[in-house]
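In the numbering used here, the protein residues as written are 6 to 256. Glycine is no exception: its CB is placed at the ideal position from the N, C-alpha and C atoms. On a predicted model such as this, the values are computed, not experimentally measured, just so you know. The next block holds one structure in the form of structure tokens; read it before the comments.
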Amino acid sequence: MRNNHIIAANWKMNKTPQESYNFVKNLRDKLLDKPDVNIILCAPYTSLFYISSFFNSENFDLGAQNMHWASEGAYTGEISPDMLLASSVKWVILGHSERRHIFGETIDEITKKVVRAVREGLRPIFCFGEKLEERREGKTKEVLSGQLSPIIDRFNESDLQEMLFAYEPVWAIGTGLNAEPDQIQEAHHIVREFAGENVRILYGGSVTPANATELINVEGVDGFLVGGASLELESIWKIINCVYNARIRSN
Ligand code: PGA
6 MRNNHIIAAN WKMNKTPQES YNFVKNLRDK LLDKPDVNII LCAPYTSLFY ISSFFNSENF
66 DLGAQNMHWA SEGAYTGEIS PDMLLASSVK WVILGHSERR HIFGETIDEI TKKVVRAVRE
126 GLRPIFCFGE KLEERREGKT KEVLSGQLSP IIDRFNESDL QEMLFAYEPV WAIGTGLNAE
186 PDQIQEAHHI VREFAGENVR ILYGGSVTPA NATELINVEG VDGFLVGGAS LELESIWKII
246 NCVYNARIRS N
């Protein structure tokens, strides 16, 4: 994993267990000859256990899209770290902009979740990103630092290297409008300034087969967090191939 490119698929609230099963079965077979790209598939809770047996190879991991910070108890509707671990989940998306902005998750709550995940041996895919008005007002650096430092301050370098940071500008998510290379580089630079040169950083926000090659070649990008384009086998497969070919060319 250390030097491989990484593609994390965020299915959001899509796919039944059976649809997930069929998709993952096909994808797993295709991935066998692409050992240099790591895939993390973040499925809905209801699919996790059902598809868990497919994730037995080095470069194919199962992820969840959220979790609660407590280990058990009276939290109706929530899922604990232990429940995820028992479903063979290795990664968990935390701080996604939809959790922050639709469900009102605060930096404090997100931080508690990240701390808990790391303590339990789950690896966070920590998402951060600015809104369009914040960028227009010249506040990007301030906003990103405000999201990143509560997390980064709590861990040492080796913990930080075990997680993934996903820069996802809010205005690029699901809009068809991806960030420009210089905007991505700037955000990735901010993370590395705080968290050290060796952290792994993904870009997310309208990644498609059409822009994947350009975006994977942006300096400092270790891979993608892909939403909409991860729902169809054909399009995620094209993105995987773009990343794989870029990796082969750079070796
Ligand atoms: P998108 O979503 O690829 O559909 O823009 C990315 C995400 O929300 O993680």
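Using a 10 Å radius around the Cβ and a threshold of 16 neighbouring Cβ atoms, would you call residue i buried or exposed?
{"i": "Met266", "result": "Nothing can be reported for residue 266, as the shown portion of the chain is limited to 6 through 256."}
{"i": "Ile253", "result": "exposed"}
{"i": "Gln23", "result": "exposed"}
{"i": "Lys30", "result": "exposed"}
{"i": "Pro40", "result": "exposed"}
{"i": "Asp227", "result": "buried"}
{"i": "Arg205", "result": "buried"}
{"i": "Asn189", "result": "Per the sequence shown, the amino acid found at residue 189 is Ile instead of Asn. Ile189 is buried by the Cβ-count criterion."}
{"i": "Asn9", "result": "buried"}
{"i": "Gly100", "result": "buried"}
{"i": "His194", "result": "exposed"}
{"i": "Ala122", "result": "buried"}
CA-CA distance, residue i and residue j?
{"i": "Ala3", "j": "Glu142", "result": "Because the chain in this structure spans residues 6 to 256, residue 3 falls outside the shown range and cannot be described."}
{"i": "Leu67", "j": "Ile56", "result": "9 Å"}
{"i": "Glu139", "j": "Thr145", "result": "6 Å"}
{"i": "Phe199", "j": "Asp113", "result": "19 Å"}
{"i": "Glu219", "j": "Gly78", "result": "46 Å"}
{"i": "Ile241", "j": "Trp74", "result": "31 Å"}
{"i": "Arg128", "j": "Val94", "result": "9 Å"}
{"i": "Ala251", "j": "Tyr80", "result": "45 Å"}
{"i": "Arg105", "j": "Leu230", "result": "17 Å"}
{"i": "Asn43", "j": "Glu167", "result": "14 Å"}
{"i": "Asp187", "j": "Gly232", "result": "22 Å"}
{"i": "Gln264", "j": "Pro214", "result": "Nothing can be reported for residue 264, as the shown portion of the chain is limited to 6 through 256."}
{"i": "Ile156", "j": "Asp87", "result": "21 Å"}
{"i": "Glu191", "j": "Pro174", "result": "12 Å"}
{"i": "Ser62", "j": "Asp34", "result": "11 Å"}
{"i": "Ile84", "j": "Lys117", "result": "14 Å"}
Assuming residue i is part of the beta strand (DSSP E), what are its boundary residues?
{"i": "His10", "result": "10-15"}
{"i": "Ala69", "result": "65-69"}
{"i": "Asn43", "result": "42-47"}
{"i": "Ala171", "result": "169-172"}
{"i": "Pro155", "result": "Unbroken run through Pro155 is the alpha helix (DSSP H), 145-157; no beta strand (DSSP E)."}
{"i": "Pro86", "result": "No beta strand (DSSP E) contains Pro86, which is instead part of the alpha helix (DSSP H) from 86-90."}
{"i": "Leu207", "result": "205-209"}
{"i": "Pro214", "result": "Element bounds for Pro214: n/a, residue is neither H nor E."}
Can you tell me the Cβ-Cβ gap for residue i and residue j, rounded? I've got them flagged as a contact below 8 Å.
{"i": "Cys47", "j": "Ile98", "result": "5 Å"}
{"i": "Phe133", "j": "Leu149", "result": "6 Å"}
{"i": "Leu165", "j": "Gly201", "result": "6 Å"}
{"i": "Ile178", "j": "Gly210", "result": "5 Å"}
{"i": "Ile130", "j": "Trp96", "result": "6 Å"}
For the alpha helix (DSSP H) that contains residue i, what are its first and last residues?
{"i": "Arg252", "result": "238-255"}
{"i": "Leu182", "result": "Premise fails: Leu182 is in no alpha helix (DSSP H) and is neither H nor E."}
{"i": "Ile98", "result": "Where Ile98 is concerned, there is no enclosing alpha helix (DSSP H), although the beta strand (DSSP E) it sits in stretches over 94-99."}
{"i": "Pro22", "result": "22-36"}
{"i": "Phe160", "result": "No alpha helix (DSSP H) contains Phe160, which DSSP labels as neither H nor E."}
{"i": "Ile115", "result": "112-125"}
{"i": "Phe54", "result": "50-56"}
{"i": "Ile221", "result": "217-221"}
Would you say the beta carbon of residue i is closer than 6 Å to some non-hydrogen atom of the ligand GTP?
{"i": "Leu46", "result": "Questions concerning the ligand GTP fall outside what the structure shown contains, since the ligands it does hold are the ligand PGA."}
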